[in-house]
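Just so you know, the sequences run in chain order A and B.
Everything in the first sequence is counted per the numbering used here, starting at 1 for the first residue and increasing by one.
Everything in the second sequence is counted per the numbering used here, starting at 112 for the first residue and increasing by one.
Where is the CB? At the ideal position from N, CA and C, for every residue including glycine.
Take a look at the structure below.
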Amino acid sequence: DAKTTQPTSMDCAEGRAANLPCNHSTISGNEYVYWYRQIHSQGPQYIIHGLKNNETNEMASLIITEDRKSSTLILPHATLRDTAVYYCIVKGNFGNEKLTFGTGTRLTIIP
Amino acid sequence: GAVVSQHPSRVICKSGTSVKIECRSLDFQATTMFWYRQFPKQSLMLMATSNEGSKATYEQGVEKDKFLINHASLTLSTLTVTSAHPEDSSFYICSAMGGLGTDTQYFGPGTRLTVL
């Protein structure tokens, strides 16, 4: 069962902010929102995760709505190297809870 | 921090042979490691979860006798594809969890297996 819904693909101009949406309307109170990305023929790269507060790190910002039913990953200044498939995943943060990958959003940064 | 390596990065083997893939957490101790498989143009599919010193837990439809997993230490897990066939050709990716005080999974770079 898909717990998240993401657009299949998006384009963004180089240097602009890339905003990737994710819907997770059935998220449970103890589930976190995780974002990973996968560049072609590589393993997924962890980007960021959050529970209910907005989060920021050196790679991106994560904005989670107050009702937690959706979130947005923001890459503030997209570069060509940000072209990848971005996965939004909800997961509990205890035990060996697994990551279930959906189809993600294929983000293409355009020069 | 949180670096995971895999070896080999690419392997080609003949049908019927066995192939071993190693997954190492380089700068943290991984209490749990996961093995995924990814076919072309598809998403990652979890194959199994392994905890150090115990038997792996396999996902439904994954043959445990064909995909042998050993997690003998907190920094090393191995996946052996036994009697490989062309349909086992895929991108195998491991992840490790348990370091740095979080439940975040960190992934290796993947191993491309081609069975002739």
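Cβ pair residue i, residue j closer than 8 angstroms
i	j	result
Y87(A)	Y32(A)	no
S61(A)	N54(A)	yes
S116(B)	G219(B)	yes
V226(B)	C124(B)	yes
T105(A)	T5(A)	no
I180(B)	A207(B)	no
S154(B)	T103(A)	yes
S201(B)	R121(B)	no
L185(B)	E170(B)	no
I109(A)	A17(A)	no
Partners in chain B for residue i, counting only beta-carbon separations shorter than 7 angstroms
i	result
H24(A)	The premise fails here: H24(A) is roughly 17 angstroms from chain B at the closest Cβ pair, so nothing lies under 7 angstroms.
Beta-ladder partner(s) of residue i, from DSSP
i	result
V130(B)	V192(B)
R223(B)	R121(B) and F202(B)
P44(A)	According to DSSP, P44(A) bridges with nothing at all.
S154(B)	Note: S154(B) sits in no beta bridge, so no partner.
G50(A)	V33(A)
Chain-ordered neighbours of residue i on chain A, where CB pairs are closer than 8 angstroms
i	result
T215(B)	Y34, Y46 and H49
I204(B)	G43 and P44
Three-state secondary structure (DSSP) of residue i
i	result
I109(A)	strand
D11(A)	strand
L80(A)	helix
D1(A)	With a pLDDT of 49 at D1(A), under the threshold of 50, the modelled position of that residue is not reliable, and the figure given next carries that caveat. Coil.
P197(B)	helix
I27(A)	coil
N57(A)	coil
K177(B)	coil
F218(B)	strand
I39(A)	coil
V114(B)	coil
G92(A)	strand
R148(B)	strand
A141(B)	coil
R135(B)	strand
A207(B)	strand
I74(A)	strand
S184(B)	strand
R16(A)	coil
T100(A)	coil
A159(B)	strand
T65(A)	coil
Q6(A)	coil
Proximal residues of chain A, C-beta to C-beta of residue i below 7 angstroms
i	result
L227(B)	Under the 7 angstroms cutoff, chain A gives no residues; its nearest Cβ is about 20 angstroms from L227(B).
P151(B)	By Cβ distance, chain A contributes nothing, its closest Cβ being about 10 angstroms from P151(B), past 7 angstroms.
G219(B)	G43
beta-carbon residue i near the ligand FMN non-hydrogen atom, thresh 7 angstroms
i	result
G15(A)	The model on display carries no ligand, and the ligand FMN is accordingly not part of it.
Within chain B, partners of residue i - CB distance below 9 angstroms
i	result
G104(A)	S154
Chain A residues whose Cβ lies nearer than 9 angstroms to that of residue i
i	result
G164(B)	Within 9 angstroms Cβ-Cβ: nothing; G164(B) doesn't reach chain A, min ~14 angstroms.
L157(B)	K98, L99, T100 and F101
Residue-level contact to chain C via CB, residue i, 8 angstroms cutoff
i	result
N181(B)	This model lacks chain C altogether; the protein chains it does include are A and B.
Residues of the region 38 to 50 of chain A in Cβ contact with chain B at a cutoff of 9 angstroms, in chain order, please. Q38, S41, Q42, G43, P44, Q45, Y46 and H49
Of the residues that make up the region 76 to 102 of chain A, which ones have a beta carbon closer than 9 angstroms to any beta carbon in chain B? V85, Y87, K91, G92, N93, F94, G95, N96, E97, K98, L99, T100, F101 and G102
At a CB distance below 8 angstroms, what residues from the region 119 to 146 of chain B approach chain A? Give them in sequence order. T143 and F145
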